[in-house]
Amino acid sequence: MTVTEFVERPFAKALVDYAGRNERVVCVTNDLTKSVEADLFRETFPDRYFSLGMAEQNLAGVLSGLAREGLEPVYPSFSVFATRRPYEQILLNIAYPNLPVRLIGFLPGITTPGGVTHQANDDVALMRGMPNMTVLSLADATDVETLTGVLAEIDGPVFCRSPRGNVPRLFDDPLRFGHARRLSSGSDLTVISSGATTEHSIRACAAIGDAGISVSHLNVSTLKPFTDELVIETLANGAPVITAENHLRSGGLGTAVAELIADHGLGARLHRVGIRDTFTHGGRPEYLFAHYEIDDVAIVNAANELLGSSVQFESTVAGGPRRTTLAASVNEGL
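Printed below as a string of structure tokens:
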């Protein structure tokens with residue numbers, strides 16, 4: 040499975056289509072209209088668009104008020120400004136009364152060169168810890184295009200991590216709430232990925248499979264509630280598990296899988312590929328994924344560590360060769 044095409048600004052069109060089908064949808068931004076693909080909505084539905092400036096705590100109160108009046112407000116922003124800055128106001132004004140507000144977080148994790156002020160490496164952890172909040176993470180253009188169908192199924196508040204701009208298409212089948220995609224089946228190793236690390240995981244799993252290792256690969260888009268029977272069934276086979284996410288290792292996908300393993304008494308060994316306990320610096324996403332070891336090479340390295348294997352893999356995505364550590368040591372010994 041590879042990238043079949045790139046889709047330019049899929050969220051912009053999906054939001055307008057959704058608003059055309061649902062007259063209760065309104066869009067609220069914090070002075071980032073074009074940057075969060077809300078400009079097409081503003082042009083199409085000017086009476087249903089509100090720009091409230093860089094005042095995110097106040098904006099959360101407005102979202103609450105709009106929802107209480109029977110509307111379905113959508114707030115697209117950078118993920119840090121959709122979660123961390125207005126956190127208490129979202130908790131008390133939106134999540135506590137369980138209102139249908141849709142928070143769309145662009146530039147999640149280290150997909151932005153903006154540095155620590157703009158990198159939401161903790162957003163999933165923050166929102167998973169909030170009662171009543173549904174948490175989603177999109178991996179490709181198909182996810183973005185079909186997100187609104189999922190939103191229509193959810194009565195309460197939603198936080199959704201999303202790619203923006205020129206987005207790769209990885210999948211043909213639409214996003215399904217509470218259902219992971221099975222990308223491959225196997226019994227030696229399980230890889231569970233979400234968001235931007237799914238494309239990396241696909242490349243890594245192909246290399247691992249080519250080495251004769253049987254791999255199950257699941258793409259998870261619903262991070263809360265995390266009760267998918269497919270995930271539980273796959274974990275139950277007892278194979279070592281790798282989680283891959285563009286987020287801190289704590290509080291996100293890796294933590295959710297660890298909780299599932301513990302809650303169901305499963306014996307799977309877990310390796311979490313994620314950002315370690317550190318603040319991240321700015322740079323191109325390709326460089327940052329390699330530097331903070333959440334890329335395809337890091338996933339193959341994790342497989343080698345768990346299985347004692349020596350899968351050889353070299354990635355040039357980061358702009359220069361990056362080779363699996365264990366494979367390199369094997370080569371040097373020959």
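In the working numbering, the protein residues as written are 40 to 373. Even for Gly, the Cβ is constructed at its ideal location relative to N, Cα and C.
Beta-carbon contacts of residue i that lie in its chain and below 7 Å, excluding the five residues immediately before and after
i: Asn171; result: Ala134, Asn137, Gly195, Pro196
i: Leu299; result: Phe265, Val270, Ile271, Leu274
i: Pro152; result: Gly321, Gly322, Arg323
i: Leu373; result: Legend: pLDDT at Leu373 = 24, less than 50; position of this residue unreliable, value from coordinates given subsequently. Excluding sequence neighbours, Leu373 sits near nothing in its chain.
i: Phe120; result: Asn69, Glu95
i: Arg81; result: Thr72, Tyr88
Closest by C-alpha distance to residue i, when choosing among the options
i: Ser253; options: Leu262, Val259, Ala243, Ala301; result: Ala243
i: Ile143; options: Leu102, Gly168, Pro152, Ser349; result: Leu102
i: Asp162; options: Gly290, Glu192, Val339, Gly321; result: Gly290
i: Leu54; options: Val189, Ala121, Met93; result: Val189
i: Lys73; options: Arg48, Ile129, His310, Ala94; result: Arg48
i: Glu111; options: Pro85, Leu71, Val64; result: Val64
i: Thr438; options: Val350, Gln351, Glu325, Phe198; result: As displayed, the chain neither begins before 40 nor continues past 373, which places residue 438 out of reach and without an answer.
i: Thr41; options: Ala106, Leu228, Ser240, Ile129; result: Ser240
i: Leu257; options: Asp249, Gly251, His303, Phe210; result: Phe210
i: Arg362; options: Arg200, Ala246, Leu146; result: Ala246
i: Ser255; options: Ser223, Pro279, Gly248; result: Ser223
i: Gly304; options: Thr185, Arg60, Asn276; result: Asn276
i: Arg215; options: Thr185, Arg203, Pro202, Arg107; result: Thr185
i: Ala191; options: Thr43, Ser348, Glu62, Gly347; result: Glu62
i: Gly109; options: Leu131, Pro139, Ala301, Phe84; result: Pro139
i: Pro213; options: Arg107, Ser260, Gly225; result: Ser260
For residue i: DSSP bridge partner residues
i: Thr282; result: Ile231, Arg311
i: Ala159; result: Pro147
i: Glu44; result: Arg208
i: Phe198; result: Leu142, Val174
i: Leu287; result: Ile314
i: Arg361; result: Ser354
Whether residue i touches residue j by CB criterion (9 Å)
i: Val296; j: Ala337; result: no
i: Ala329; j: Thr237; result: no
i: Ser118; j: Gly148; result: yes
i: Asp267; j: Thr187; result: no
i: Ile281; j: Val230; result: yes
i: Ile129; j: Ala99; result: yes
i: Ala278; j: Asp227; result: yes
i: Val339; j: Phe318; result: no
i: Arg141; j: Val183; result: no
i: Leu165; j: Thr122; result: yes
i: Leu30; j: Asn97; result: No answer is possible for residue 30: it lies beyond the span of the chain, which begins at 40 and ends at 373.
Close Cβ partners of residue i (< 6 Å) along its chain, the five nearest in sequence each way excluded
i: Pro115; result: Val75, Ala77, Ile143
i: Lys52; result: none
i: Ile314; result: Asn160, Leu287, Tyr331
i: Phe45; result: Asn205, Pro207
i: Arg167; result: Val174, Lys263
i: Glu284; result: Ser233, Thr236, Gly291, Leu292, Gly313
i: Ser354; result: Asp335, Val336, Arg361
i: Ala180; result: Val46, Pro49, Val206, Arg208
i: Arg124; result: Glu95
i: Ala250; result: Val350
i: Phe89; result: Val67
i: Cys199; result: Ile143, Leu175
i: Ile193; result: Thr173
i: Arg220; result: Asn258
i: His310; result: Ile281, Ala341, Leu345
i: Leu327; result: Ile149
i: Thr83; result: Val55
N- and C-terminal bounds of the beta strand (DSSP E) containing residue i
i: Leu262; result: 261-263
i: Val65; result: 64-68
i: Arg221; result: 220-223
Continuous alpha helix (DSSP H) stretch holding residue i: start and end
i: Pro49; result: 49-60
i: Phe89; result: Run containing Phe89: none in the alpha helix (DSSP H); it sits in the beta strand (DSSP E), 88-90.
i: Asn258; result: Careful: Asn258 lies outside any alpha helix (DSSP H), inside the beta strand (DSSP E) at 254-258.
i: Ser116; result: Looking at the DSSP string, Ser116 is not in any alpha helix (DSSP H); the run it does join, the beta strand (DSSP E), is 111-117.
i: Ser103; result: 95-107
i: Ser240; result: 236-249
i: Phe328; result: 324-330
i: Glu76; result: Where Glu76 is concerned, there is no enclosing alpha helix (DSSP H), given that its DSSP letter is neither H nor E.
i: Asn276; result: Premise fails: Asn276 is in no alpha helix (DSSP H) and is neither H nor E.
i: Pro187; result: For the record, residue 187 in the displayed sequence is Thr; it is not Pro. Taken as a continuous stretch (DSSP letters only), the alpha helix (DSSP H) holding Thr187 covers 180-190.
i: Thr294; result: 292-302
i: Leu345; result: 335-346
i: Ile133; result: Premise fails: Ile133 is in no alpha helix (DSSP H) and is neither H nor E.
Any non-hydrogen atom of the ligand HEM closer than 8 Å to residue i Cβ
i: Asp182; result: Annotation note on the ligand HEM: not contained in the displayed structure, which lists no ligands.
Same chain only: Cβ atoms within 8 Å of residue i, ignoring 5 sequence neighbours per side
i: Ala367; result: With a pLDDT of only 35 at Ala367, under 50, the local geometry of the prediction cannot be trusted, and the value read off the model is given with reservation. So the list is empty, once near-sequence residues are dropped.
i: His157; result: Phe117, Val119, Leu146, Thr151
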